[in-house]
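Protein chains in written order, with numbering that gives the first Met the number 0: chain B, 0 to 307; chain R, 0 to 324.
The beta carbon of each residue, even a glycine, is placed where N, CA and C say it ideally should be.
All values derive from a computational prediction rather than experimental measurement.
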Amino acid sequence: MSTKVEPVVLAKRARKRFSRPWASLTAIIIAVLWTTPTFGLLLSSFRPEEEIKTTGWWTFFASPNFTIDNYNEVLYGSGSSGRLASAFINSLVITIPSVLFPIAFAALAAYALSWVEFRGRDWIFIGIFALQVVPVQMALVPLLSFFSQGVDVGGVTLLPAWGLQGEWKFVQVWFAHTAFGLPLAVFLLHNFMSELPGSVIESARVDGASHGAIFRKIVLPLITPALASLAIFQFLWVWNDLLVALVFASGSETSPLTARLADMAGSRGNEWQRLTAGAFVSIIVPVAVFLGLQRYFVRGLLAGGVKG
Amino acid sequence: MNLIDQLSKFGVLAIGLAAFVLVVLAVLYVGNIVPHRPKSLTAGMVFLIPTLVLVGIGLVVPAVRTTVLSFGDRRGEGNVGFANYEWIFTDPEILTVVRNSAIWVILTPLLATAVGLLYATIIDKSPFEKLAKTLVFLPMAISFVGAAIIWKFVYDYKQIGNQIGLLNQIVTWIFGEGSAQHWLATPFWNNMFLIVVMVWIQAGFATVVLSAAIKGVPAEITEAARLDGVNAWQMFWKVTIPSIRPAIVVVMVTMSIAALKLFDIVRTMTGGGDGTSVLAYEMYSQSFPGQQTGRGAALAVVLFILVIPIIIYQVRNLRQRKEVR
Numbered sequence: 000m001s002t003k004v005e006p007v008v009l010a011k012r013a014r015k016r017f018s019r020p021w022a023s024l025t026a027i028i029i030a031v032l033w034t035t036p037t038f039g040l041l042l043s044s045f046r047p048e049e050e051i052k053t054t055g056w057w058t059f060f061a062s063p064n065f066t067i068d069n070y071n072e073v074l075y076g077s078g079s080s081g082r083l084a085s086a087f088i089n090s091l092v093i094t095i096p097s098v099l100f101p102i103a104f105a106a107l108a109a110y111a112l113s114w115v116e117f118r119g120r121d122w123i124f125i126g127i128f129a130l131q132v133v134p135v136q137m138a139l140v141p142l143l144s145f146f147s148q149g150v151d152v153g154g155v156t157l158l159p160a161w162g163l164q165g166e167w168k169f170v171q172v173w174f175a176h177t178a179f180g181l182p183l184a185v186f187l188l189h190n191f192m193s194e195l196p197g198s199v200i201e202s203a204r205v206d207g208a209s210h211g212a213i214f215r216k217i218v219l220p221l222i223t224p225a226l227a228s229l230a231i232f233q234f235l236w237v238w239n240d241l242l243v244a245l246v247f248a249s250g251s252e253t254s255p256l257t258a259r260l261a262d263m264a265g266s267r268g269n270e271w272q273r274l275t276a277g278a279f280v281s282i283i284v285p286v287a288v289f290l291g292l293q294r295y296f297v298r299g300l301l302a303g304g305v306k307g
Numbered sequence: 000m001n002l003i004d005q006l007s008k009f010g011v012l013a014i015g016l017a018a019f020v021l022v023v024l025a026v027l028y029v030g031n032i033v034p035h036r037p038k039s040l041t042a043g044m045v046f047l048i049p050t051l052v053l054v055g056i057g058l059v060v061p062a063v064r065t066t067v068l069s070f071g072d073r074r075g076e077g078n079v080g081f082a083n084y085e086w087i088f089t090d091p092e093i094l095t096v097v098r099n100s101a102i103w104v105i106l107t108p109l110l111a112t113a114v115g116l117l118y119a120t121i122i123d124k125s126p127f128e129k130l131a132k133t134l135v136f137l138p139m140a141i142s143f144v145g146a147a148i149i150w151k152f153v154y155d156y157k158q159i160g161n162q163i164g165l166l167n168q169i170v171t172w173i174f175g176e177g178s179a180q181h182w183l184a185t186p187f188w189n190n191m192f193l194i195v196v197m198v199w200i201q202a203g204f205a206t207v208v209l210s211a212a213i214k215g216v217p218a219e220i221t222e223a224a225r226l227d228g229v230n231a232w233q234m235f236w237k238v239t240i241p242s243i244r245p246a247i248v249v250v251m252v253t254m255s256i257a258a259l260k261l262f263d264i265v266r267t268m269t270g271g272g273d274g275t276s277v278l279a280y281e282m283y284s285q286s287f288p289g290q291q292t293g294r295g296a297a298l299a300v301v302l303f304i305l306v307i308p309i310i311i312y313q314v315r316n317l318r319q320r321k322e323v324r
């Protein structure tokens, strides 16, 4: 696909670009527009409450005044605006299983769909593939009632209510994220797995290796890069999610950072000293993951959406 | 912060992870002992069971239930026929919601792709390319809630005293005292200010994908065009764009689906007030705070129906490209 570009051509292209000052100017304007809002918020989060509320963050440079009180307040302060430290833990407890579960189950399913021959396999694959179309919104209300009221068919109770309370509500969040993440994960891993060399797997089979052994010893090591990309996607998706959190993790014992922040933005829309610091507490983890693993993220993006 | 409360969360986490490990081990154990018989259903099913159970309970059955509920009343009972759908397409407030969603779906992909394409073209092969890309790509890592707070701060409006929102400060500098606006409460235009946030998030995605596509354009083509004496403008429109057209389509389709399902930005910035609600937000607010099960379900079904043609188009596109290769 990618043709090797001759160094001479490269140099020529580069000269061409720099001979156009307006192009460079446009790029700089876009870069500034894209970074300034975040920068303003970060700077504000370190300014004293009085100053945030009465002067713009750009006046910081004229009279620098620095504090970490805002972070102390949102993380450990009492009252409805504080306690983001516990929401941070909730985000962690929600995210770890919600990344592990769908990827592991999807890897197992993708193995069966690409390397185990059985009747009806293609139909199951098409079915899972088609489920990608279903928006999360289609599942929210019935899935919530599945947990809170159980399953009744014609007055006969097939499954009682789960009665999940307090921190046990994490279970229903994990369930929801796993179910909603599976179709895409199965599809992407199947794409990747079905392109593995068949001769390797065939010869292992001839040597008498079982499906379990082939999956663990041959397939799993080969698909590690795909698993890494997928894990980053699912991590960003779950950590940044608001909708599933609002529906399935309501209550202060389980609600994650996004839900708590959204509440603060609604009820305390002008408490900028808390909002700015709070926003940064929620942003820091995904940004760190993203910057550290950007290579895998980009690779996954290009493999998933725009193959070839 | 009560430490004991926090510890019990990790207890739940440990139990959850242990259950998960048990399931995976069970699958692998059974996978080890089932014999290799060609066309054996058991071997395949063993690996598929966790996925089929989860997807069945979590997606398939609920989706069917929601479709049924969309013909029911506010408690999700009885049969009201198409009344809920009629409501969506006749109630003036909901018609505004439908209009807003249409604006989102059209403008977000156009603007974000335009910015991404322009930026990717300019920074291509520049010595700062990597840094430049990261700067614009970074908002992709930020949650919609975080982005909404960042921009709410930019749009902040004060009736008296200094403006602390950047946009109003700039407006005041240019047009003088008293020209500041309450951007998020200005009917119709507030939708545009919300869309800006989505464009800000998505432009990085367009930049990265299109930049990779631009690098994939064979050097022979661009060189040949250059020998023919085309200028930069013609090169962009006549060579670059046609060569990366498939990538542009994929980017725009992906973004239009994201725009259709958008919920977080509207909820965090305006709570759907002042005529800014969209379909996905309305679905949530009718179903949960509003307790209108039937109407919420009908909105979900409409959302579902609107996504289908976009995805079919996407799939056909992918298949055509596979055949070409």
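Extent of the continuous alpha helix (DSSP H) to which residue i belongs
| i | result |
| --- | --- |
| Val265(R) | Asp263 to Met268 |
| Asp90(R) | No alpha helix (DSSP H) contains Asp90(R), which DSSP labels as neither H nor E. |
| Val150(B) | Not the alpha helix (DSSP H): Val150(B) falls in the beta strand (DSSP E), residues Val150 to Val152. |
| Leu157(B) | First-last for Leu157(B): Val155 to Leu158, but that is the beta strand (DSSP E), not the alpha helix (DSSP H). |
| Lys151(R) | Phe143 to Val153 |
| Gly126(B) | Arg120 to Leu130 |
| Glu270(B) | No alpha helix (DSSP H) contains Glu270(B), which DSSP labels as neither H nor E. |
| Asp227(R) | Segment: none, Asp227(R) is in no alpha helix (DSSP H) and carries neither H nor E. |
| Met137(B) | Taken as a continuous stretch (DSSP letters only), Met137(B) belongs to no alpha helix (DSSP H), as it is neither H nor E. |
Cutoff 9 Å: residue i Cβ touching any chain R Cβ
| i | result |
| --- | --- |
| Thr156(B) | no |
| Asn89(B) | yes |
| Gly304(B) | Confidence at Gly304(B) is low in this model, with a pLDDT of 45, below 50, so its placement is unreliable and no value can be given for it. |
| Met0(B) | Reliability of the predicted coordinates at Met0(B) is poor, the pLDDT of 40 falling under 50, and the value obtained from them is presented with this limitation in mind. Cβ-Cβ to chain R under 9 Å: yes for Met0(B). |
| Lys52(B) | yes |
| Asn239(B) | yes |
| Val98(B) | no |
| Ile102(B) | no |
| Leu187(B) | no |
| Val73(B) | no |
| Ala264(B) | yes |
Whole-number beta carbon distance between residue j and residue i, since they are thought to touch under 8 Å
| i | j | result |
| --- | --- | --- |
| Ser147(B) | Ala138(B) | Going by Cβ atoms, the distance from Ser147(B) to Ala138(B) rounds to 14 Å, so no, they are not a contact pair. |
| Phe104(B) | Leu16(R) | Phe104(B) to Leu16(R), Cβ: 14 Å. No contact. |
| Leu83(B) | Gly250(B) | Incorrect: roughly 16 Å between the Cβ atoms, too far for contact. |
| Val286(B) | Leu137(R) | 7 Å |
| Thr120(R) | Ala299(R) | At roughly 39 Å, the Cβ-Cβ gap does not stay under 8 Å, so Thr120(R) and Ala299(R) are not in contact. |
| Tyr295(B) | Ala184(B) | 15 Å between Cβ atoms; not a contact. |
Closest residue to residue i among the options (Cα-Cα distance)
| i | options | result |
| --- | --- | --- |
| Thr269(R) | Asp155(R), Leu109(R) and Gly75(R) | Asp155(R) |
| Leu117(R) | Thr275(R), Gly274(R), Leu21(R) and Gly203(R) | Gly203(R) |
| Glu50(B) | Glu201(B), Asn69(B), His210(B) and Thr25(B) | Asn69(B) |
| Val243(B) | Glu128(R), Lys260(R) and Ile240(R) | Lys260(R) |
| Val148(R) | Ala299(R), Thr133(R) and Gly164(R) | The question names Val, yet the displayed sequence has Ile at residue 148(R). Comparing Cα positions, the closest option is Gly164(R). |
| Leu110(R) | Val196(R), Asp123(R) and Ala82(R) | Val196(R) |
| Phe45(B) | Leu274(B), Arg298(B) and Phe296(B) | Leu274(B) |
| Phe143(R) | Ser100(R), Val306(R), Val314(R) and Phe262(R) | Phe262(R) |
| Leu27(R) | Phe46(R), Thr206(R) and Ile93(R) | Phe46(R) |
| Leu34(R) | Leu226(B), Thr177(B) and Ser209(B) | Checking the sequence, you will find Pro at residue 34(R) rather than Leu. Comparing Cα positions, the closest option is Ser209(B). |
| Ala13(R) | Ser43(B), Pro182(B) and Phe169(B) | Phe169(B) |
| Ala178(B) | Val133(B), Pro63(B) and Ile222(B) | Val133(B) |
| Ile95(B) | Leu241(B), Phe59(B), Ala230(B) and Ala258(B) | Ala230(B) |
| Phe174(B) | Val98(B), Trp33(B), Leu292(B) and Thr257(B) | Val98(B) |
| Gly149(B) | Leu143(B), Leu158(B) and Leu142(B) | Leu158(B) |
| Ala22(B) | Leu305(R), Glu219(R), Trp232(R) and Thr253(R) | Trp232(R) |
| Ala129(B) | Asn316(R), Arg318(R), Gln319(R) and Ile311(R) | Ile311(R) |
| Ile283(B) | Trp236(B), Leu188(B) and Leu41(B) | Leu41(B) |
Contact with chain B by residue i, beta-carbon distance below 9 Å
| i | result |
| --- | --- |
| Met44(R) | yes |
| Ile93(R) | no |
| Leu174(R) | With the sequence shown as reference, residue 174(R) is identified as Phe, and Leu is not the correct amino acid for it. Not one chain B Cβ lies under 9 Å of Phe174(R). |
| Met330(R) | What the structure shows of chain R is the stretch from 0 to 324, and residue 330(R) is not part of that stretch, so it cannot be assessed. |
| Trp150(R) | yes |
| Ile105(R) | no |
| Lys260(R) | yes |
| Asn99(R) | no |
| Ser255(R) | no |
message: For the stretch 235 to 247 of chain R, list every residue whose C-beta sits within 9 Å of some C-beta in chain B, in sequence order.
response: Pro245 and Ala246
task: Closer than 9 Å, Cβ to Cβ, to anything on chain B: give me those residues from the stretch 17 to 37 of chain R, in chain order.
output: Phe19, Val22, Val23, Val26, Leu27, Tyr28, Val29, Gly30, Asn31, Ile32, Val33, Pro34, His35 and Pro37
message: If the cut-off is 8 Å on Cβ atoms, which residues from the stretch 210 to 229 of chain B count as contacting chain R, listed in chain order?
response: His210, Gly211, Ala212, Phe214 and Arg215
task: May I ask you to list, following chain order, the residues of the stretch 110 to 140 of chain B that have a beta carbon less than 8 Å from some beta carbon of chain R?
output: Tyr110, Ala111, Leu112, Val115, Glu116, Phe117, Arg118, Gly119, Arg120, Ile123, Ile127, Leu130, Gln131, Val132, Val133, Pro134, Val135, Gln136, Met137, Ala138, Leu139 and Val140
- request: Quick one: which residues of the stretch 177 to 198 of chain R get their C-beta closer than 8 Å to a C-beta of chain B? List them in chain order.
  value: none
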